[in-house]
Structure formats: C-alpha cells, structure tokens
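Reviewing the structure listed below.
In mature numbering (1 follows the signal peptide of the UniProt record, and there is no 0), the protein residues as written are -18 to -1, 1 to 182.
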C-alpha cells in the first residue's frame, strides 16, 4: 500500500509539471489578458518566470479599416477550433527594438464573432504583447495595453507561439519580406520554420 501511494504521488507530480510547463518547456500563460486562477497557483508553486519587458521604440498602429491583405495561418491541431489570420499589410519589424508587430484575427469555426488584435512578438525574450483590440465595427482600435507574456505552444488559443516559428530566427526577427513569404507559403506545416521541413 505504501508503494502504491508513493507511485500515485509521483504520477500526480509528473502530471502537474507537464501541464505547468507544456510541450514547449515553458510554463503556460493565460492568453486572454487576465491572470487565471491556474496561473496564480502556478506562480505560487513555481514562481513567476516571465523575463523583464523588452525595451520598445515608438511605433504607430496601422489603421484597422485599411488592412486588406488577410492571410490565413495554418495553426496546429490543438488550435483548430478557430481560424487564424494575419494582415500582411500590418507587418513591421522595429528598426531599434527588433519587435515584430502585426494585426491578427481569430474566427471561431462555430460562430460569427471575429476577434481582431494588434500584437507584438519579441523574438529575443520569446514574449508577446497585445497592444489593442478591434472594435465591433472592425474600423478602429481600442487600446488594450497588456503586459508582456511568455510565448507558449500546444495550449488552447496560444497562437502567438505558432507565429514565432515564421517570424523569428532564434532570437532575431526575420525581415518583413521573409515573414510575408512564409505566411503565404500554405505548404508549410504548423510549427515549421525557415530551413525546416516542408510538405512535399
């Protein structure tokens, strides 16, 4: 009986750790913009592992109503309850801070509500941030000013971790034309990166 209890305790601990760190090896973050109860518990158990916010240069958000080049992004299996799009005409890479900024749209497959956001990914620290959300008309931005959060993969709605693979080369952002090319390449598998395998 003693051994059975010890074995069950070990299995439970392994499950908690696997869930806490996910397949990417990083502790999952709540991507809704609010710290969930799970995140608060994980912070108490494992500590907050977010690195310092990256330095940012001044930038201007593109006019939401002017964004016309929406490219669908092939997300991984865990994200297939939604369709994901990136506005190619919103892409930029900060000359000084190297942060990739873009507009993204999430469309639930079983609904008509379209969620649009303007976000940034810092390749060096592997963090993302939501700057603003599209209003109900889809014509203007509403400031969100969320804090920087760690990128994760294989978690519900954690699409920014998937974007990292086509926007970043390790700790450096690809140039905008290369990111554009990658996003247009529909033969790429989710999670592929430049120089990685592509579907034959």
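Idealized CB from N, CA, C, for every residue including glycine.
Contact annotation: the region 116 to 129 does not touch the region 137 to 155, with fewer than three C-beta pairs closer than 8 Å.
The region 67 to 82 and the region 46 to 53 touch, with three or more beta-carbon pairs separated by less than 8 Å. The shortest CA-to-CA distance from residue 130 to any of 119, 120, 142 is the one to 142. Measuring C-alpha to C-alpha distances from residue 132 to each of 110, 58, 54, 158 identifies 110 as the nearest. Partner residues in the beta bridge of residue 54, as assigned by DSSP, are 67. Nearest to residue 116 by alpha-carbon distance, out of 150, 84, 108, is 84. When C-alpha distances from residue 167 are compared across 56, 45, 37, the shortest belongs to 56. For residue 101, the pairing in a beta bridge is given by DSSP as 84, 112. For residue 92, the secondary structure class from DSSP, reduced to helix, strand or coil, is coil.
Rounded to the nearest angstrom, the gap between the Cα atoms of residue 91 and residue 65 is 7 Å.
Rounded to the nearest whole angstrom, the C-alpha separation of residue 135 and residue 159 is 25 Å. With contacts defined as CB atoms closer than 8 Å, residue 113 and residue 163 fail to qualify as a contacting pair. CA-to-CA, the gap between residue 54 and residue 118 works out to about 21 Å. Taking a 10 Å sphere around the C-beta of residue 87, we find 16 or more other C-beta atoms and assign the residue as buried.
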